[in-house]
DNA sequence: CGTACTCCTTCAAGTAACTTGAAGTTCAAG
DNA sequence: CTTGAACTTCAAGTTACTTGAAGGAGTACG
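Protein chains in written order, with UniProt numbering: chain C, 1 to 149; chain X, 1 to 149.
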């Protein structure tokens, strides 16, 4: 449909993708993006290909993939014999990691919750003269109370 | 009960607390731990106070508090007018952040899950000639398919 | 006393993934 | 032609450590 190529400044590309301009330059520096051609004045100029590539990168980052994983995914996306199974495997590994992290965070949430609750029960309303949280925390046992007896 | 003061090397302190020796030196460098007294030969030596302090730090870190928060908590723990309410507030803010993060991760998990599932449904068993994941990912819409039509 | 071995020392640099700041240039508008 | 936003580069800061190199201290054994 659209035969003419849109040209974007780095700022426009940033707005279009949600990636900040310093981050775009950073991506160029580490080779995630090819060196951008420059205008007469030396400013970077981008086209729709760059828009697509950076959007892809952004999506991957939002999925929580690390830069190196994004590199692999980008290669896969460019390869002529692109392998969806390999992509799936990368995502599966990442999903496993996310679930692991999620479990840890759930545990952490419960621990913090009980911490705060105990603080409220024992000390709400003013400074706790008898707060033993610090002694509790300095003991090697499982972390626990805040202001208990 | 025990009147004599145990003296610990940095390695023994590390083992007792679960904090690595380079990390202990790092904590000293950034002022979380006071400069340790040295033996004649120049090696650091620690006592039970250090053990308590470092254990406290470790517990806080395991709770996910940042170094600067640990600094505040340490100050509170030393202050004569220690304020349990302030401690509670710090923990409450942190808990809110953890819950926020947790919500994001749950969403991420669901998205990744559907990603992997779609890959399996459409492409399991070999390279996907028609895999459109990459075009999907390069489109600015909500991230989505892997190998669907 | 020597030697072997582990543990200790410092200092510098590396990690992830950017962000921030300084000082200066280019572009579009009025 | 001047203003001001957006662009340029380069260096350093961020978080919380980890890793590596080169060498000294402490302890056990013979």
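Note that CB positions come from ideal geometry on N, CA and C, so glycine has one too.
In this text the structure is predicted, and so the values were computed from the model without any measurement.
Counted within 10 angstroms of its Cβ, other Cβ atoms place residue i as buried (16 or more) or exposed
{"i": "residue 79(C)", "result": "exposed"}
{"i": "residue 135(C)", "result": "exposed"}
{"i": "residue 39(X)", "result": "exposed"}
{"i": "residue 100(C)", "result": "exposed"}
{"i": "residue 48(C)", "result": "exposed"}
{"i": "residue 103(C)", "result": "exposed"}
{"i": "residue 147(C)", "result": "At residue 147(C) the pLDDT is 44, less than 50, meaning the model places this residue with poor confidence; the figure from the coordinates comes in the next sentence. So residue 147(C) ends up on the buried side."}
{"i": "residue 5(C)", "result": "exposed"}
Sub-7 Å separation of residue i and residue j beta-carbons
{"i": "residue 157(C)", "j": "residue 21(C)", "result": "Examination of residue 157(C) is not possible in this model, given that chain C is present from 1 through 149 alone."}
{"i": "residue 60(C)", "j": "residue 73(C)", "result": "yes"}
{"i": "residue 88(C)", "j": "residue 119(X)", "result": "yes"}
{"i": "residue 64(X)", "j": "residue 108(C)", "result": "yes"}
{"i": "residue 9(X)", "j": "residue 58(X)", "result": "no"}
Residue i to residue j span [Cα, whole Å]
{"i": "residue 145(C)", "j": "residue 69(X)", "result": "Per-residue confidence for residue 145(C) stands at a pLDDT of 44, beneath the threshold of 50, marking its modelled position as unreliable; the derived number appears in the next sentence. Whole-angstrom Cα-Cα distance: 18 Å."}
{"i": "residue 53(C)", "j": "residue 33(C)", "result": "8 Å"}
{"i": "residue 26(C)", "j": "residue 95(C)", "result": "27 Å"}
{"i": "residue 115(X)", "j": "residue 14(C)", "result": "26 Å"}
{"i": "residue 97(C)", "j": "residue 30(C)", "result": "25 Å"}
{"i": "residue 35(C)", "j": "residue 28(C)", "result": "6 Å"}
{"i": "residue 23(X)", "j": "residue 7(C)", "result": "49 Å"}
{"i": "residue 66(C)", "j": "residue 90(C)", "result": "11 Å"}
{"i": "residue 117(X)", "j": "residue 137(C)", "result": "44 Å"}
{"i": "residue 110(C)", "j": "residue 37(C)", "result": "52 Å"}
{"i": "residue 77(C)", "j": "residue 139(X)", "result": "13 Å"}
{"i": "residue 41(C)", "j": "residue 133(X)", "result": "37 Å"}
{"i": "residue 45(C)", "j": "residue 93(C)", "result": "36 Å"}
{"i": "residue 122(C)", "j": "residue 56(X)", "result": "21 Å"}
{"i": "residue 71(X)", "j": "residue 86(X)", "result": "13 Å"}
{"i": "residue 43(X)", "j": "residue 113(C)", "result": "41 Å"}
{"i": "residue 62(C)", "j": "residue 75(X)", "result": "38 Å"}
Unbroken alpha helix (DSSP H) run spanning residue i, endpoints
{"i": "residue 59(X)", "result": "48-62"}
{"i": "residue 72(X)", "result": "67-78"}
{"i": "residue 11(X)", "result": "10-17"}
{"i": "residue 34(X)", "result": "Per DSSP, residue 34(X) belongs to no alpha helix (DSSP H) and is neither H nor E."}
{"i": "residue 40(X)", "result": "Premise fails: residue 40(X) is in no alpha helix (DSSP H) and is neither H nor E."}
{"i": "residue 139(X)", "result": "Counting along the chain, residue 139(X) falls outside any alpha helix (DSSP H), and DSSP gives it neither H nor E."}
> What are the uninterrupted segments assigned as alpha helix (DSSP H) that are 4 or more residues long and contained completely in the region 84-130 of chain X, given in chain order?
Replying inline: 84-123
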